[in-house]
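Each number in my numbering corresponds to the 1-based position in the sequence shown with 7 added.
All C-beta atoms, glycine included, are put in the ideal place defined by N, C-alpha and C.
Owing to the predicted nature of the structure, the values given are computational and were not obtained by experimental measurement.
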Amino acid sequence: MSNVDVVVVGAGFAGLYQLHRLRELGFSTTVLEDADDVGGTWYWNRYPGARCDVPTTDYTYSFDPDLERDWTWSEKYATQPEILRYLQFVADRYDLRRDIQFSTRLESAAWDEAASRWLLNTSRGEELSCRYLIMATGCLSVPKHVDIKGAERFRGEVYFTSRWPHEGVDFTGKRVGLIGTGSSGIQSIPLIAGQASELTVFQRTPNFSIPARNGPASSERLAQISKDRTAYREAGRWSRGGVPVEVVEITGVAASEEVRRERFEAGYQTGELFGILGCFADQLFNPVSNEIVAEGIRNKIRSIVVDPATAEALCPRDHPFGTKRPCLDSNYYETYNLPHVRLVDLRKEPITTITESGIDTASESFTFDVIVYATGFDAMVGALVGVDIAGRHGQKLRDKWADGPSTYLGLTTVGFPNLFTITGPGSPSVLSNMLVSIEQHVEWIAGCLADLRDQGFEAIEPTPTAEAGWNQHVADCGNITLYPRANSWYMGANVPGKPRLFYPYIGGVDTYRAICDEVRTKAYLGFRLDGNGKEQCNDGVVFRLQPDVALVLQVMAALDLPPLESLPVDEARAFLVASSAERPPGPDVGEIVDRALPGPAGDLRYRLYRPPSAGPHPVVAYFHGGGWVLGSEESDDPLCRDLCARADVIVVSVNYRHAPEARFPAAVDDALAAVRWIGAHAEELGGVPGQLAVAGWSAGGNLAAVTCHQVRDAGGPHIAGQVLLCPVTDCDFGRSSYRENGEDYVLTAALMRWFWDHYADPADRTDPKVSPLRAPDLSGLPPALVVTAEFDPLRDEGVAYGEALVAAGVPVRQLSARGHIHTSVPMVDVVLSGAPVRAEMAEALRGFFPARVPT
Ligand SMILES: Cc1cc2nc3c(=O)[nH]c(=O)nc-3n(C[C@H](O)[C@H](O)[C@H](O)COP(=O)(O)OP(=O)(O)OC[C@H]3O[C@@H](n4cnc5c(N)ncnc54)[C@H](O)[C@@H]3O)c2cc1C
């Protein structure tokens, strides 16, 4: 049995660089490769028209400046033969082949607990032992099994784009049937049509494609690279997708018709994925914005394809643009204008069987000399679960992942020590320029192995906490996008029976790199390291904020604003008004009315939001946030619209007197007066008399809670329920959430002190009218939804208030907004992960009232 430090499986871009890097570090390394030469993807996929779809200026190794200097790509998008030549050139240059065993499959791997090593079996019957096993087996390397009835019966020639004969195929004079219109189909169809006497394309789902506009590499990019190669590559490493592109800020929803047209056209003309995917900042999040791009492409298809029925069949409608990998083509749609090319829409006319001589659909029999399958891959996990890998206690990887892959960083998985997956599920991988992602993984793994060796450890394995946290973060990132709406291979939907979840990580190459770096600098956060009688574990979750909340914090940090509490009150108020003007407005409602109601010390302005449905509606008296110092009836406008629209209730947002001009208990008195007036005037407001609830955020939550105490004690009006979002409930700053979250999450402990100091004298602060948690009796209060945010200094007092209500017999639902901060849930159309929380708030409001009979 041969013994090495490391076995790498796969000799594509990833395996080759991993071998080179490990050699440099002095690790003995063997590479196993199923094929008989290097190349991976570019060894196997030799179909006509095969090219990369990331410009070769970027789809290229960057680890060695001399290598870059000595290789020049001939085109913007190089063909498969050229990319394969490049990989062969790399293998020769670094003399890599001497450590690669070709025509050798890794069949099985078992973790030997006692020796802390992997024992491997290959297709050649050989056994190997290694300390570390690195799967560089590729995301798109296992062709999808053909699951069409009768496939084995066909007597003519059969080809798979992903296993194309090395000698090529001559289609001249042949009748060809081609199944599949993903990237490989779209690239090969125009070239096959150029030779075949007849070409029939069988399409199940149309894909979006734009012209690649291939040609020489962009002179602008080449100039950038030659000016400062290092800076260019560094910019790629710290970009969202692995290619340096301008960060788009304009949203499709906010843009004018003219700007929408211009942005789309400019994206389309780039002939680049990151160009068309970057027309608008919100196009992968907002369906309205996405549709601008989708319809733009459909119009292009209609303008190219002459036959209207064929054009419509080619127009994708079942998935938002970009949620399946868009294609770049050369004359794809034009090909359907040729007289010998025909499209069969399998959604209308499904294949019933493949026969000895061709393909039968529900309405027609086709005769072919050749069938080409361009049917895609068992992506992301196929090659990993294709090997019989047994980890600790004999657990099989394919069993562990039966319901979907579970990884830490897409690099490692619990129960499988010293096993690494390059561009594994849960890493940016297929959503990025894979060369950048491959290099980052290779370098991280190499650095990790060197660290283990230097520190005297023999094994590394993630902890269950870290892995669960990562899976959650990967899902959180996917869930705020439109990706889960597509039946794509990103979602595992192209393979029958494959678990449906979002496989790659969409948080961005830049964020991901920073996370991996952080893990390493924090003593391998989330990993257990052991060996030579010692152990180290810095357990924890590396990313707990919701991704969009993290982005908001990042943007705010970049603005470097002065802390609110450092400003005079007037300036703080002016700042709030100015920043509110910049935010998205929130959803449309039926009507918005600004009026005033009588308060104890003069009129109180209010803003009424009426739903579009026919009234009368239940009424919710709403109190805004702002620490009793800032804000007005308008300041929570998007949240009020959202609650009105979702809950189908009238929301009356009431202004109240603010501190320091009017200190405690002025705001409480105003809130009580407002609720009484609203209760008494429900009918004239368009409400249902007797159907009244209260809601509020932050200091407004405090006022809503306190008002419930007061109306209970003063005999009315009846309040059907209370929704308290991140409420202030107590004056004690000593709870853990103040310590944990008091500095970095917008609402700081210092700002809370500033609010309290403006609002209430120290002697008044324990009064239940400002610290409702201290009320001696909480029984008989209306049912409540108490929402707390994980990263809020007020979290624990909110939770304590909910618990105290429960203890007093009040029906309460407590909702913890995971990964949120004090200010994020109200950020409608900015923090998309807040939407489910607001949906629950609306649901609670609805639930306080009898079900409405639609009129
Ligand atoms: C047609 C096509 C075009 C693409 N274009 C782009 C592009 O433009 N930009 C981009 O970023 N990405 C593109 N990709 C994705 C592409 O897969 C990656 O860019 C990259 O080539 C992956 O390199 P890799 O080394 O990780 O994996 P691969 O190139 O897939 O290599 C994996 C190797 O592992 C071997 N292997 C697998 N299992 C075993 C086993 N059990 N034992 C032994 N050997 C095994 C395989 O034989 C294969 O050679 C494209 C993919 C395809 C299919």
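- The beta carbon of Met441 sits closer than 7 Å to at least one heavy atom of ligand 1.
- With 16 or more other Cβ atoms inside 10 Å of its own Cβ, Val97 counts as buried.
- Under the three-state reduction of DSSP, Ser786 is assigned to coil, being neither helix nor strand.
- For Trp704, the enclosing beta strand (DSSP E) has its first and last residue at Gly694 to Trp704.
- With the rule of 3 Cβ pairs closer than 8 Å, the stretch 585-600 does not count as touching the stretch 776-791.
- In the structure shown, Phe762 adopts helical secondary structure according to DSSP, grouped into three states.
- A distance of 8 Å or more separates the beta carbons of Pro424 and Ala320.
- Counting only the Cα atoms, Ala117 lies some 6 Å from Ile396.
- Residue side-chain check: Arg112 places its Cβ nearer than 7 Å to a non-hydrogen atom of ligand 1.
- According to the DSSP secondary-structure assignment, Val627 is paired through a beta bridge with Val658 and Ala700.
- Within 7 Å of the C-beta of Ser191 there is at least one heavy atom belonging to ligand 1.
- Annotated three-state conformation of Arg602 is strand, per DSSP.
- Residue pairing of Lys355 in beta bridges, as defined by DSSP: absent, with no partner found.
- For Cys137, no alpha helix (DSSP H) run applies; the uninterrupted beta strand (DSSP E) run containing it begins and ends at Glu134 to Met142, by DSSP.
- A heavy atom of ligand 1 is found nearer than 7 Å to the CB of Gly145.
- For Leu284, the CB contacts under 6 Å within the same chain, skipping 5 residues up- and downstream, are Gly329 in chain order.
- Within the model, the alpha-carbon separation for Leu536 versus Leu801 is close to 37 Å.
- Residue pairing by DSSP puts Val208 in a beta bridge opposite Leu185 and Leu350.
- The stretch 424-439 makes contact with the stretch 391-409; the number of CB pairs closer than 8 Å reaches 3 or more.
- By the criterion of a C-beta distance shorter than 7 Å, Ala381 is surrounded in its chain by Thr168, Leu185, Ile186, Gly187, Gly189, Ser191, Gly192 and Ser195, once the five residues flanking it on both sides are discounted.
- Judged by DSSP in its simplified three-state form, Leu532 adopts coil rather than helix or strand.
- With 16 or more other Cβ atoms inside 10 Å of its own Cβ, Glu797 counts as buried.
- Shortest gap from the CB of Cys59 to any heavy atom of ligand 1: under 7 Å.
- Per DSSP, His827 is one residue of the beta strand (DSSP E) stretching across Val819 to Ile828.
- The count of Cβ pairs closer than 8 Å, one atom from the stretch 301-320 and one from the stretch 235-243, stays below three, leaving the stretches out of contact.
- With a cutoff of 7 Å, Val16 counts as near ligand 1, since its C-beta is closer than that to a heavy atom of the ligand.
- Taking a C-beta distance under 8 Å as the contact criterion, Pro412 and Tyr510 qualify as a contact pair.
- Relative to the Cα of Asp737, the nearest Cα in the group Tyr808, Pro724 and Ala673 belongs to Tyr808.
- Residue pairing by DSSP places Ser372 opposite Asp367 in a beta bridge.
- Membership of Ala608 in any beta strand (DSSP E) is not indicated, and neither H nor E is assigned to it by DSSP.
- Relative to ligand 1, Ala224 has its C-beta separated by 7 Å or more from all heavy atoms.
- With contacts defined as CB atoms closer than 8 Å, Arg76 and Trp245 fail to qualify as a contacting pair.
- Cα atoms of Tyr166 and Ala369: separation of roughly 24 Å, rounded to the nearest angstrom.
- Taking 8 Å as the cut-off, the Cβ atoms of Val659 and Ala628 count as close.
- For Ala397, the enclosing beta strand (DSSP E) starts and ends at Asp395 to Ala397.
- Runs of alpha helix (DSSP H) with 4 or more residues, each lying fully within the stretch 275-313, are found at 280-283 and 294-311, listed in chain order.
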